[in-house]
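Colleague: Heads up: the sequence shown begins at 1 in full-length UniProt numbering, then just goes up one per residue. Each residue gets a CB set at the ideal place from its N, CA and C atoms; glycine is no exception.
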Amino acid sequence: MQDRPLLGLILLAVMIGLGIQVVAPFWAPIAWAAILAYVTTPIYRRILQLLNGRRSLAAGVMTTFMIIVLLAPASFLLSRLPRELADSYEELSRAFDEPLVLPQALTRIPVLGPILDETLTNFWNDPEIRKQHVKDWLEPWSRELASMAGRLGRSFAQLAVAIIVLFFLYRDGDAAVRQLREALHKIVGEKADKYFQAVGETTRAVVFGLIVSALAQGFIAGVGYQIIGVGTPILLGSLTAVTALVPFLGTVVVWAPIGIGLLVAGKVSTGLALLAWGTFIVNPTDNILKPLLISGATDVPLAVVLVGVMGGLLAFGLIGLFLGPLILAILLTIWKEWLNDEPQGSAAPR
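#1: Would a C-beta distance cut-off of 8 Å place THR240 and VAL254 closer than the cut-off?
#2: Under 8 Å, do residue 351 and LEU332 count as touching if we go by C-beta distance?
#3: By DSSP, does GLU201 sit in helix, in strand, or in coil?
#4: Could you give the distance in angstroms between the alpha-carbon of PRO284 and the alpha-carbon of GLY250?
#5: Identify the continuous alpha helix (DSSP H) that holds ASP286 and give its terminal residues.
#6: Taking LEU166 as the reference, which of MET62, LEU50 and ASP299 has the closest Cα?
#7: Does the distance from the CB of ALA192 to the CB of THR298 come in under 8 Å?
#8: Rounded to whole angstroms, what's the CA-CA distance from LEU7 to VAL14? Just pull it up for me.
#9: One question on the structure: do LEU289 and SER238 come within less than 8 Å of each other, judged by their Cβ atoms?
#10: Can you tell me whether LEU318 is helix, strand or coil according to DSSP?
#11: Could you spell out where the alpha helix (DSSP H) holding GLY278 opens and where it closes?
#12: Helix, strand or coil for LEU249 per DSSP?
#13: First and last residue of the alpha helix (DSSP H) that includes LEU293?
#14: Using C-beta distances below 7 Å, list every residue in its chain close to ILE334, excluding the 5 sequence neighbours before and after it, in chain order.
#15: Between PHE156 and PHE316, what straight-line distance do the alpha-carbon atoms span, to the nearest angstrom?
#16: Take every Cβ of the segment 181-188, pair it with every Cβ of the segment 47-57, and state whether three or more of those distances are shorter than 8 Å.
#17: Could you name the residues of the same chain whose beta carbon sits closer than 6 Å to that of ALA28, not counting the 5 residues immediately before and after it, in chain order?
#18: On the three-state DSSP scale, how would you describe LYS336?
What follows is the structure, given as structure tokens:
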């Protein structure tokens, strides 16, 4: 008789392992759906209230709303990207047709100017070397575009899974959270409520902090590209927003090479303007928004978030940008709650 609980636990562990194997191919879209459902729960509850508690209808309305919110900007970007990619290719082709000449302001710099001029002559202005550089740069992109069709099909399949999961999370998420809370109560007791509250606050702060900061930097950078007249502002703004998610890399890898390229091409005022825009406008946006939205809303240090982003990206791919800092932030928050929780019946030291 005493072996029955043990056998039950073994059977439960086996079934959990098998369930993980079944869900493993879809963990990324499930994770995306869970994050979206959680951060948009207040909107869903408002819709549920307006529809007099009809969960299926409210979940359908909310899922449709999320599809529009997510796909409308993506469709706009996809419709503009081919044209901007073509414009970028033409600009690069024109730039590669002729040798580059350093502006006199750069060549006159003591010591550094002659070195830059000689380096440019030896490693770029030789026609054969220039052709090899272009070939080396274009080959990876060509292979990437060739495999994009297959990945696009898989992406649509994962998007469909995410949408289906999102609907059921809206409709049945409260019941699932209640069951999870009850399970945690059986394991850790009354601490479960504190853990749930800490996890909720941390999740919203991290996700909103990363997304809002990246979108703000991409938008501001795109405005700068448009004002300065760099060309392809939507493409470059999108790339800037993506790189803004990655710490220690950041937006500088987009606007800095463009600004330096403009300087080398002789457009000194335009290049300096872009470098100044990135240095004094784009980058400070990240330094202001992330601490305000993340560290300001929780007790999670920004360093933990940055390490989580890098580690999550390496461990889980794109979804790791959010899962990595979220996991570390939740672990830190639970650790603090556990440390601050005094054992029952313990007396204060005298």
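Modeller: Straight from the coordinates:
#1: If you number the sequence shown from 1, residue 240 lands on position 240. If you number the sequence shown from 1, residue 254 lands on position 254. The answer is yes: Cβ separation under 8 Å.
#2: Outside the modelled stretch of the chain, which goes from 1 to 350, sits residue 351, for which no answer is possible.
#3: Position 201 of the sequence shown holds residue 201. Correct three-state label for GLU201: helix.
#4: Position 284 of the sequence shown, counted from the first residue, corresponds to residue 284. Position 250 of the sequence shown, counted from the first residue, corresponds to residue 250. Cα to Cα, the separation comes out at about 12 Å.
#5: Against the sequence shown, residue 286 aligns to sequence position 286. ASP286 -> alpha helix (DSSP H) spans 283-290.
#6: The residue labelled residue 166 in the question sits at position 166 within the sequence shown. Nearest option by C-alpha distance: MET62.
#7: For the purposes of this step, residue 192 is taken as the residue at position 192 of the sequence shown. For the purposes of this step, residue 298 is taken as the residue at position 298 of the sequence shown. Not closer than 8 Å, so no.
#8: Translated into positions along the sequence shown, residue 7 becomes position 7. Translated into positions along the sequence shown, residue 14 becomes position 14. Cα-Cα distance, rounded: 11 Å.
#9: The sequence position of residue 289 within the sequence shown is 289, counting from 1. The sequence position of residue 238 within the sequence shown is 238, counting from 1. No, the pair does not count as a contact, with Cβ atoms beyond the cut-off.
#10: As a position in the sequence shown, residue 318 is number 318, starting the count at 1. Reduced to three states, the DSSP call for LEU318 is coil.
#11: Start at 1 with the first residue of the sequence shown, and residue 278 comes out as number 278. First-last for GLY278: undefined, no H or E at that position.
#12: Walking along the sequence shown from the start, residue 249 turns up at place 249. Coil at LEU249, not helix or strand.
#13: Reading the sequence shown from its first residue, position 293 is the one you call residue 293. Note, LEU293: premise wrong, no alpha helix (DSSP H); not H, not E.
#14: Within the sequence shown, numbered from 1, the residue matching residue 334 stands at position 334. The residues are TYR195 and ALA198.
#15: The residue labelled residue 156 in the question sits at position 156 within the sequence shown. The residue labelled residue 316 in the question sits at position 316 within the sequence shown. Roughly 19 Å separates the two Cα atoms.
#16: no
#17: Residue 28 sits at position 28 when you count from the first residue of the sequence shown. So the qualifying residues of the chain are ILE319.
#18: Translated into positions along the sequence shown, residue 336 becomes position 336. The answer is helix: DSSP assigns LYS336 an H, G or I state.
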